[in-house]
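K.L.:
Residue numbers (the numbering used here), protein chains in the order written: chain A, 1 to 425; chain B, 1001 to 1149.
Sending over a structure as structure tokens; questions will come in a sec.
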Amino acid sequence: MNYVIIGNSVAAVGAIRGIRNIDQKGNITVISREKHAAYGRPLISYLLGGLVTEKRMGYLPDDFYEKHRVNLLLGSEAVGVDSGKKVVRLSSGDSIPFDKLLIATGGDPFVPPIEGIAGKEKVFTFTTWDDAAKLKGIAYDIERVVVIGGGLIGLKAAEGLHLLGKKITIVELADRILSAAFDRPAGRVVAKKMKANGIDVITEDTVVRVEGEGAAITGVTLKSGDFIPCDTVIVAIGVRPAASFLKGSKVVVNRGIVVDDRMETTVKGIFAAGDVVEARDFFSGEKNPMPIWPDAYIQGDIAGARMAGGKKTYSGGLAMNSIELFKVPTISMGITNPVKPEEYEILTYQDLENYHYRKIILQGNLLAGAVLVGAVDRAGIFAGLIREKIDVTTFKDQLLATDFGFIHLTREIRDALFAPNGKAA
Amino acid sequence: MKRIYTLEDVCIGCHLCEVACITEHSASKDPIKAFLHEPLRSISRCTVEEWDGGVVSLSTTCRHCDEPACLQACISGAIQKNDNGVVRIDTEQCVGCWSCVMACPYGAVQRNLVKKKANKCDLCPDRETPACVDACPNRALVYKEGSQK
Chain A
1 MNYVIIGNSV AAVGAIRGIR NIDQKGNITV ISREKHAAYG RPLISYLLGG LVTEKRMGYL
61 PDDFYEKHRV NLLLGSEAVG VDSGKKVVRL SSGDSIPFDK LLIATGGDPF VPPIEGIAGK
121 EKVFTFTTWD DAAKLKGIAY DIERVVVIGG GLIGLKAAEG LHLLGKKITI VELADRILSA
181 AFDRPAGRVV AKKMKANGID VITEDTVVRV EGEGAAITGV TLKSGDFIPC DTVIVAIGVR
241 PAASFLKGSK VVVNRGIVVD DRMETTVKGI FAAGDVVEAR DFFSGEKNPM PIWPDAYIQG
301 DIAGARMAGG KKTYSGGLAM NSIELFKVPT ISMGITNPVK PEEYEILTYQ DLENYHYRKI
361 ILQGNLLAGA VLVGAVDRAG IFAGLIREKI DVTTFKDQLL ATDFGFIHLT REIRDALFAP
421 NGKAA
Chain B
1001 MKRIYTLEDV CIGCHLCEVA CITEHSASKD PIKAFLHEPL RSISRCTVEE WDGGVVSLST
1061 TCRHCDEPAC LQACISGAIQ KNDNGVVRID TEQCVGCWSC VMACPYGAVQ RNLVKKKANK
1121 CDLCPDRETP ACVDACPNRA LVYKEGSQK
């Protein structure tokens, strides 16, 4: 059996382990256009800011590829997939035959055609180790930065550059930063903390023109007409599935590669996982891109198991983010900002002065989401309650307490989780 | 693999498991020094929960899951499951992002705010029986072969 995996980040790692749990013998080939073995991609902001060294970027134990008998092709780019002949074509001209294929290529940063941006030298995206290295390399030549986009990537780039002493302005189109993960109060708490640290956050506005003669940038003009002087622009508007090489392959790509609950694409034998896919949402059942790290691992693991003949099934993507900005930890999960609030019951506790905020979102008797700012300890208990669809009726009043725990759940649940053989002795 | 289980009915909420855990994971392995003199006091990997004024209590700790959610969520690769099934955090590699805290449905990964590192039960690699189990005066903690749930 020839397993081929395109991409070499967390979904690929989940898949390699998933395959090897079942099939010790088959050949696994991993194709990656990057030159690094799997690394902690979210660590690139730590690398930029000098909080971790290059040595700590590696995501896997040194012997991982050898131990799992993976043929690793770094610096190789897949340019096409022939699903009939079952081969992956590489930019080098080589073809790699497969029996089972996994596409785990992630997302490519999207750079919109903003006026004046073409031909400017110091315009960057921020999604790879090389992006961080490039920025770090010219850091001495950066003074003022405008970050376009107040999502996770934009904030992390801003944080890294701030640690290097740069003056940062974040421009976000929505009414708050991190609008995908946060509700308004949580977004405000974090924005307040960023402003206190000297980072300007401009919301409900966007960059319409990058100013400057030739390759140099002098500033940006916003839709509101404001001008912000800067010498560097980071574009962090979002990512698009890195799936353009699938043209002509019969693999259907919507807002991501469409996969079923086995992580199989519309072409039998070809699987996809991670940021490149749109898979079933845990709550709505609709297919959505869910570009988050843990979900990519889970999808990769399922894809790997299925490729090797196993039986794992996806239980649906559950959004989850743990973001600490300027020492304010935040964890959010599930539905944080319901489109139809009348269908939910929302419990909140606020102490914004102390950067403390807690919000619990209930749908009927079930927990649908949580936003925790400040006290984030044991947040995973909420994730468990959501995934296991536990009826919260009897302990609803305790959900906002910072010491919420298993003691508030039923004895039956506690015994199932912690007692020997799932029952009291 | 051997795991730690809890007999809630005989837990008296004395927190000695936590004391033993902190001591075992201290530099000196001496409770007085660990609590009073070590500048970077370690934190307990087990959590005693109490309710109703302590009438109900139990000690919760890592299940060393077959498919650990903490490992899946870890962005730095600091969390690995070894060949014996023990899930450990390499605190040197940990960047303190708290993704594991977000993911663990057992609430079994702790934040060490002094060191800005995540901590979790390592089943006491230097001991035959984990310190919390040995310390429990009422044998409410049991260390034995068993499944995750």
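Every residue gets a Cβ at the ideal spot worked out from N, C-alpha and C, and that includes glycine.
1) May I ask which residues mark the beginning and end of the beta strand (DSSP E) holding I234(A)?
2) Pick from E66(A), L152(A), I138(A) and T232(A): whose alpha carbon is nearest that of W176(A)?
3) Quick one: list the residues of chain B neighbouring A416(A), beta-carbon separation under 7 angstroms, in chain order.
4) Using three-state DSSP, classify F395(A) as helix, strand or coil.
5) On a CA-only basis, which of H408(A), A181(A), L51(A) and T105(A) is nearest I331(A)? Give me that one, please.
6) Against chain B, with Cβ distances strictly below 7 angstroms, would Y65(A) count as a contact?
7) Please confirm whether A38(A) and N2(A) have their CB atoms less than 7 angstroms apart.
8) Could you work out which residue in L47(A), I217(A) and D231(A) is closest to E159(A) when comparing CA atoms only?
9) Roughly how many whole angstroms lie between the Cα atoms of A1078(B) and A1108(B)?
10) Step through the CB atoms of chain A and report whether any lies within less than 7 angstroms of the CB of A1034(B).
11) Using a C-beta to C-beta distance shorter than 8 angstroms, which residues of chain A count as neighbours of L1058(B)?
12) Please determine, among I1004(B), R1003(B), M1001(B) and L1016(B), the residue with the shortest C-alpha to C-alpha distance to N1138(B).
13) Within the chosen definition, does the stretch 1032-1045 of chain B reach the stretch 388-402 of chain A through at least 3 CB pairs nearer than 8 angstroms?
14) For the alpha helix (DSSP H) that I302(A) lies in, which residues bound it at each end?
15) Residue ranges of each alpha helix (DSSP H) run of no fewer than 4 residues wholly in the stretch 92-166 of chain A, ordered along the chain?
16) In terms of DSSP beta bridges, what is S1147(B) paired with?
17) Would you please verify whether the beta carbon of V1142(B) is less than 7 angstroms from any beta carbon of chain A?
18) Would you decide whether S224(A) is buried or exposed? Buried here means 16 or more other CB atoms lie within 10 Å of its CB.
19) Identify whether D415(A) lies in helix, strand or coil by the three-state DSSP scheme.
20) Quick check on DSSP: helix, strand or coil for N27(A)?
21) Show which residues of chain B have a CB atom less than 9 angstroms away from the CB atom of R69(A).
22) Against P329(A), what residues of chain B qualify as contacts under a CB-to-CB distance less than 7 angstroms, listed in chain order?
23) Answer with buried or exposed for F227(A), where buried requires no fewer than 16 other C-beta atoms within 10 angstroms of its C-beta.
24) Taking the runs of the alpha helix (DSSP H) that are 4 residues or longer, which of them lie wholly in the stretch 1080-1133 of chain B?
25) Consult DSSP for K359(A) and reduce its assignment to one of helix, strand or coil.
26) According to DSSP, is Y65(A) part of a helix, a strand, or is it coil?
27) When we look at the beta-carbon of E172(A) and count the other beta-carbons within 10 Å, is it buried (16 or more) or exposed?
28) Quick one: using the 10 Å Cβ neighbour count with 16 as the cut-off for buried, is R255(A) buried or exposed?
29) Residues of chain B with a CB under 8 angstroms from the CB of W129(A): which are they?
30) On the premise that I234(A) lies in contact with V147(A), defined as a C-beta separation below 8 angstroms, what is that separation, rounded to the nearest angstrom?
31) When Cβ atoms are compared, which residues of the stretch 1061-1075 of chain B fall closer than 9 angstroms to chain A?
32) Where do the ends of the beta strand (DSSP E) carrying G334(A) lie?
33) Please report the distance separating the alpha-carbon of C1094(B) from that of S1076(B).
34) How would you list, in chain order, the residues of chain A whose beta-carbon sits under 8 angstroms from the beta-carbon of A1103(B)?
35) Judging by CA-CA distance, which residue of G1054(B), T1060(B) and T1047(B) is the nearest neighbour of D415(A)?
36) Check this for me: beta carbons of F326(A) and K134(A), under 7 angstroms apart or not?
P.N.:
Reading from the atomic positions:
1) Within the first sequence, numbered from 1, the residue matching residue 234(A) stands at position 234. Per DSSP, the continuous beta strand (DSSP E) segment holding I234(A) begins and ends at T232 to V235.
2) As a position in the first sequence, residue 176(A) is number 176, starting the count at 1. The sequence as given places Arg at residue 176(A); Trp does not occur at that position. Among E66(A), L152(A), I138(A) and T232(A), the Cα nearest to that of R176(A) belongs to L152(A).
3) As a first step, residue 416(A) is located in the first sequence; it is residue number 416 there, counting from the start. By Cβ distance, chain B contributes K1149.
4) As a first step, residue 395(A) is located in the first sequence; it is residue number 395 there, counting from the start. For F395(A), the secondary structure class from DSSP, reduced to helix, strand or coil, is helix.
5) Sequence index remark: in the first sequence, residue 331(A) carries index 331 (1-based). When C-alpha distances from I331(A) are compared across H408(A), A181(A), L51(A) and T105(A), the shortest belongs to A181(A).
6) The residue you call residue 65(A) lines up with position 65 of the first sequence. With 7 angstroms as the cut-off, Y65(A) does not count as an interface residue toward chain B.
7) Residue mapping note: residue 38(A) aligns to position 38 of the first sequence, counting from 1. Residue mapping note: residue 2(A) aligns to position 2 of the first sequence, counting from 1. N2(A) sits away from A38(A), with the two beta carbons spaced by 7 angstroms or more.
8) In the first sequence, counting from the first residue as 1, residue 159(A) sits at position 159. When each option's Cα is compared against that of E159(A), the closest is L47(A).
9) Here residue 1078(B) refers to the residue found at position 78 of the second sequence. Here residue 1108(B) refers to the residue found at position 108 of the second sequence. Approximately 16 angstroms, taken between the alpha carbons.
10) Start at 1 with the first residue of the second sequence, and residue 1034(B) comes out as number 34. Any Cβ of chain A closer than 7 angstroms to the Cβ of A1034(B) would place that residue at the interface, and such an atom is absent.
11) In the second sequence, the residue the question calls residue 1058(B) occupies position 58. Those are F406, I407, R414 and F418, listed as they occur along chain A.
12) Counting from one through the second sequence, the residue named residue 1138(B) turns up at place 138. Comparing alpha-carbon positions, the option among I1004(B), R1003(B), M1001(B) and L1016(B) lying closest to N1138(B) turns out to be L1016(B).
13) Between the stretch 1032-1045 of chain B and the stretch 388-402 of chain A there are fewer than three inter-stretch CB-CB distances shorter than 8 angstroms, so the stretches are not counted as touching.
14) Residue numbering aside, residue 302(A) sits at position 302 when the first sequence is read from its first letter. Its alpha helix (DSSP H) spans residues W293 to M307.
15) Here the runs fully enclosed are 129-137 and 152-163.
16) What you label residue 1147(B) is simply residue 147 of the second sequence in a count that begins at 1. BP columns for S1147(B) are empty, so no partner.
17) Looking up residue 1142(B) in the second sequence gives position 142. Chain A, which has a Cβ nearer than 7 angstroms to the Cβ of V1142(B), makes this yes.
18) Along the first sequence, one-based indexing puts residue 224(A) at 224. Of the other Cβ atoms in all chains shown, fewer than 16 fall within 10 Å of the Cβ of S224(A); this residue is therefore exposed.
19) As a first step, residue 415(A) must be located in the first sequence, where it is residue number 415. Of the three classes helix, strand and coil, the one that applies to D415(A) here is helix, per DSSP.
20) Your numbering for residue 27(A) matches position 27 in the first sequence. In the three-state reduction of the DSSP assignment, N27(A) falls in the strand class.
21) Walking along the first sequence from the start, residue 69(A) turns up at place 69. None at all; the shortest Cβ gap to chain B is about 16 angstroms.
22) To locate residue 329(A), count along the first sequence from 1; it is residue 329. From the beta-carbon of P329(A), the residues of chain B found nearer than 7 angstroms are W1098.
23) Translated into positions along the first sequence, residue 227(A) becomes position 227. So F227(A) ends up on the exposed side.
24) The qualifying runs are 1099-1103.
25) For this step, residue 359(A) is matched to residue 359 along the first sequence. Correct three-state label for K359(A): strand.
26) Locating residue 65(A) in the first sequence gives position 65, counting from the first residue. It is helical.
27) Position 172 of the first sequence holds residue 172(A). E172(A) counts as buried, since no fewer than 16 other beta carbons sit within 10 angstroms of its beta carbon.
28) Position 255 of the first sequence holds residue 255(A). It counts as exposed.
29) Mapped onto the first sequence, residue 129(A) falls at position 129. Result: empty, since nearest Cβ-Cβ is about 13 angstroms, beyond 8 angstroms.
30) Here residue 147(A) refers to the residue found at position 147 when the first sequence is read from its first residue. Here residue 234(A) refers to the residue found at position 234 when the first sequence is read from its first residue. Their Cβ separation, rounded to whole angstroms, is 5 angstroms, which keeps V147(A) and I234(A) in contact under 8 angstroms.
31) Residues of the stretch 1061-1075 of chain B with a C-beta less than 9 angstroms from any C-beta of chain A: T1061, R1063, E1067, A1069, C1070, L1071, Q1072, A1073, C1074 and I1075, listed in chain order.
32) As a first step, residue 334(A) must be located in the first sequence, where it is residue number 334. G334(A) -> beta strand (DSSP E) spans V328 to G334.
33) Looking up residue 1094(B) in the second sequence gives position 94. Looking up residue 1076(B) in the second sequence gives position 76. Spanning the two alpha carbons is a distance of roughly 6 angstroms.
34) As a working note, residue 1103(B) is residue 103 in the second sequence. From the beta-carbon of A1103(B), the residues of chain A found nearer than 8 angstroms are P294, M320, G380 and A383.
35) On the first sequence, position 415 is the one that residue 415(A) refers to. Residue T1060(B) is the option with its Cα nearest to D415(A).
36) Counting from 1 along the first sequence, the entry for residue 326(A) is found at position 326. Counting from 1 along the first sequence, the entry for residue 134(A) is found at position 134. Cβ distance not < 7 angstroms, so F326(A) and K134(A) don't count as in contact.
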